[in-house]
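Trainee:
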Ligand code: SF4
Ligand code: FES
Ligand SMILES: [Fe+2]
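Residue numbers (our numbering), protein chains in the order written: chain W, 7 to 460; chain S, 5 to 72.
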């Protein structure tokens, strides 16, 4: 591994980015160290672990972590690797338990506050008396907890780095996108639940292709997704020829980029991406009402009305914050040309059953490994990665000049720029600016000092 | 009040010795590092203590039942 990367590989000011950062093993290894071990990463949704003892087996970068709820109801994120010989302590996707007994030699870790002082503490080892003469200091050999953890209206995030800026500082104005993801269609935050079953699958693509796609790539839609629009996959069916059913809205929806933070989103904080017209009129009426409640609530709470389209929180969590769909995807790195993607679908926690079930089926048809829109995208990411690995191909950088110099400061957010024309690569340029800052190996203090916007 | 019966599932016990921390006067380990109990039956007042020991056994090798 190299400590840092050549700054010449990434030149956002001129819109030139080397292919190396998408295919090189060296760059990938540095990413694990400088990005995934330092950034705030999404772990799971609170509704996945409602009861004491519940756990969900999640992932940070290439490593397995356990999202747990202890007997006092507190949430923890623990590295899923035994302190004895590294065995994966828990191999289930989810479940309920107060102790994780390692399948290798039987070390036992507990999340029960009546048994241990801190969740994940080593609570027992076989042959403690005969073998260790009771001298092993169990308080020193618990499962490793993350350095920071936050519950943002039900969305759980964590980081390994104690020096990483607070979650609020790290997310900045992008929190409005996260708030929308965490809110029901009436705008109440913390009122969504994850549909049971996180979809997980692997693709032969670099993880950044996934993040970049949702970050603000409005450019690929008409070319890549024309077939799904043609068949009328959207909520409006055949008569409403877009996949979001938003054909009544103007198409010039802009784009937002958080220049220092790297996050970005299609659409702006001021633009409300309306509810679709459904084939079923009852659903149109239902969501029309919810949407009106949302508008009133957001105005009363002084929250911006927009921030609803596809977006990405640096580095690897992407989301659709509106309800059509309301989903999130995490691109977990596996290798430079392989990524494990996990998809969660979120719905209002109080939806009528028939509407919830309609949404479930539509989400599955839209996103995930079997989703038609996602399949279009995966095809692009896989082939783009593959065609960039060759000796000759690697000599030539990618072009990120779309909309260069065409963004202006947002009137709603003080840490963002907006592009009035929806097709731009401004978001990607700033994403890689952030990427390069972290990859340089600079400390958070140094990165913070260099802030100031472009 | 009926007494309590304690049983050790010898094949499950892995010598964690957690039970010894809870009730050293009741539990001990034999030459195979497997737990043994000082008696088969205990007075009802000791139920709480015994259940606590069972709860702290990572191998779930301690079984506490009513004595009949
Ligand atoms: S705690 Fe359980 S496993 Fe450990 S010695 Fe006692 S009975 Fe055996
Ligand atoms: S590796 Fe877990 S107990 Fe040995
Ligand atoms: Fe797409």
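Beta carbons are placed, not taken as given, at the ideal position from N, Cα and C, and that holds for glycine. Given the structure is predicted, the values throughout are model-derived calculations rather than measurements.
1) Give a yes or no on whether the C-beta atoms belonging to residue 112 (chain W) and residue 63 (chain S) are separated by under 9 Å.
2) Answer yes or no: does any C-beta atom of chain W fall closer than 9 Å to that of residue 54 (chain S)?
3) Within 10 angstroms of its Cβ, does residue 134 (chain W) collect 16 or more other Cβ (buried), or is it exposed?
4) Is any heavy atom of ligand 3 found at a distance shorter than 8 Å from the C-beta of residue 230 (chain W)?
5) Once you ignore the five residues that flank residue 435 (chain W) on each side, which residues in its own chain have a CB closer than 7 Å to its CB?
6) By a C-beta neighbour count over all protein chains shown, 10 Å radius and 16 as the cutoff for buried, is residue 22 (chain S) buried or exposed?
7) Classify residue 337 (chain W) as helix, strand or coil using the three-state DSSP reduction.
8) Who are the near neighbours of residue 156 (chain W) in its chain, counting only those whose CB is closer than 7 Å to its CB and skipping five residues on each side?
9) According to DSSP, is residue 154 (chain W) helix, strand or coil?
10) So which residues on chain S does residue 3 (chain W) lean against when the C-beta distance must stay under 8 Å?
11) What are the boundary residues of the beta strand (DSSP E) that includes residue 270 (chain W)?
12) What residues of chain S sit near residue 136 (chain W), judged by a beta carbon separation below 7 Å?
13) Residue 263 (chain W) lies in the beta strand (DSSP E); which residues open and close that run?
14) Verify whether the separation of the beta carbon atoms of residue 383 (chain W) and residue 230 (chain W) is less than 9 Å.
15) Do you know whose CA, among W:284, W:203, W:262, W:285, lies nearest residue 277 (chain W)'s CA?
16) Taking residue 199 (chain W) as the reference, which of W:289, W:299, W:53, W:218 has the closest Cα?
17) Below 8 Å on the Cβ atoms is my guess for residue 347 (chain W) versus residue 365 (chain W); work out the distance and round it to an integer in Å.
18) DSSP three-state call for residue 195 (chain W): helix, strand or coil?
19) Using the C-alpha atoms, what's the distance from residue 127 (chain W) back to residue 55 (chain S)?
20) From the beta carbon of residue 58 (chain W), is the nearest beta carbon of chain S less than 9 Å away?
21) Closest to residue 225 (chain W) by CA distance: which of W:454, W:440, W:427 is it?
22) Go through its chain and collect everything with a Cβ distance to residue 26 (chain W)'s Cβ below 7 Å, but skip five positions before and after it.
23) Given residue 169 (chain W), which residues of its chain have a CB within under 6 Å of its CB, disregarding the five upstream and five downstream residues?
24) Closest Cβ-Cβ distance between residue 374 (chain W) and chain A: below 9 Å?
25) Which residue marks the beginning of the beta strand (DSSP E) containing residue 164 (chain W), and which one marks its end?
Mentor: This is what the structure gives:
1) By one-based count along the first chain, residue 112 (chain W) stands at place 106. By one-based count along the second chain, residue 63 (chain S) stands at place 59. In this structure, residue 63 (chain S) lies closer than 9 Å to residue 112 (chain W) by Cβ.
2) Residue mapping note: residue 54 (chain S) aligns to position 50 of the second chain, counting from 1. For residue 54 (chain S), the answer is no, since every Cβ of chain W falls outside 9 Å of its Cβ.
3) Walking along the first chain from the start, residue 134 (chain W) turns up at place 128. Result: buried.
4) Within the first chain, the letter at position 224 stands for residue 230 (chain W). Yes, the Cβ of residue 230 (chain W) comes within 8 Å of a heavy atom of ligand 3.
5) Within the first chain, residue 435 (chain W) is the residue found at index 429, counting from 1. Correct list, in chain order: 18, 21, 406.
6) The residue labelled residue 22 (chain S) in the question sits at position 18 within the second chain. Counting Cβ neighbours within 10 Å, residue 22 (chain S) comes out buried, since at least 16 surround it.
7) For the purposes of this step, residue 337 (chain W) is identified with residue 331 of the first chain, where counting begins at 1. Strand at residue 337 (chain W).
8) Here residue 156 (chain W) refers to the residue found at position 150 of the first chain. So the list reads 163, 173, once near-sequence residues are dropped.
9) Against the first chain, residue 154 (chain W) aligns to sequence position 148. In the structure shown, residue 154 (chain W) sits in a strand (DSSP, three-state: E or B).
10) The question about residue 3 (chain W) has no answer, for chain W in this structure spans 7 to 460.
11) In the first chain, the residue the question calls residue 270 (chain W) occupies position 264. Start and end: 270-272.
12) Position 130 of the first chain, counted from the first residue, corresponds to residue 136 (chain W). Near residue 136 (chain W) (Cβ distances below 7 Å), the residues of chain S are 19, 33, 37.
13) Against the first chain, residue 263 (chain W) aligns to sequence position 257. Residues 261-263.
14) Taking the first chain and counting its residues from 1, one reaches residue 383 (chain W) at position 377. Taking the first chain and counting its residues from 1, one reaches residue 230 (chain W) at position 224. Yes, the Cβ-Cβ distance between residue 383 (chain W) and residue 230 (chain W) is below 9 Å.
15) Looking up residue 277 (chain W) in the first chain gives position 271. Of the candidates W:284, W:203, W:262, W:285, the one whose C-alpha sits nearest the C-alpha of residue 277 (chain W) is W:262.
16) Numbered from 1 along the first chain, position 193 holds the residue referred to as residue 199 (chain W). Out of W:289, W:299, W:53, W:218, W:53 has the C-alpha closest to the C-alpha of residue 199 (chain W).
17) Taking the first chain and counting its residues from 1, the one referred to as residue 347 (chain W) is at position 341. Taking the first chain and counting its residues from 1, the one referred to as residue 365 (chain W) is at position 359. Incorrect: roughly 21 Å between the Cβ atoms, too far for contact.
18) For the purposes of this step, residue 195 (chain W) is taken as the residue at position 189 of the first chain. Of the three classes helix, strand and coil, the one that applies to residue 195 (chain W) here is strand, per DSSP.
19) The residue labelled residue 55 (chain S) in the question sits at position 51 within the second chain. The residue labelled residue 127 (chain W) in the question sits at position 121 within the first chain. Approximately 21 Å, taken between the alpha carbons.
20) Translated into positions along the first chain, residue 58 (chain W) becomes position 52. With 9 Å as the cut-off, residue 58 (chain W) does not count as an interface residue toward chain S.
21) Your numbering for residue 225 (chain W) matches position 219 in the first chain. Of the candidates W:454, W:440, W:427, the one whose C-alpha sits nearest the C-alpha of residue 225 (chain W) is W:427.
22) Counting from one through the first chain, the residue named residue 26 (chain W) turns up at place 20. 15, 33, 400, listed in sequence order.
23) Numbered from 1 along the first chain, position 163 holds the residue referred to as residue 169 (chain W). Once the five neighbours on either side are set aside, the close Cβ partners of residue 169 (chain W) are 450.
24) Structure shown: chain A not included; protein chains present are W and S.
25) Walking along the first chain from the start, residue 164 (chain W) turns up at place 158. Residue range 161-165 is occupied by the beta strand (DSSP E) that includes residue 164 (chain W).
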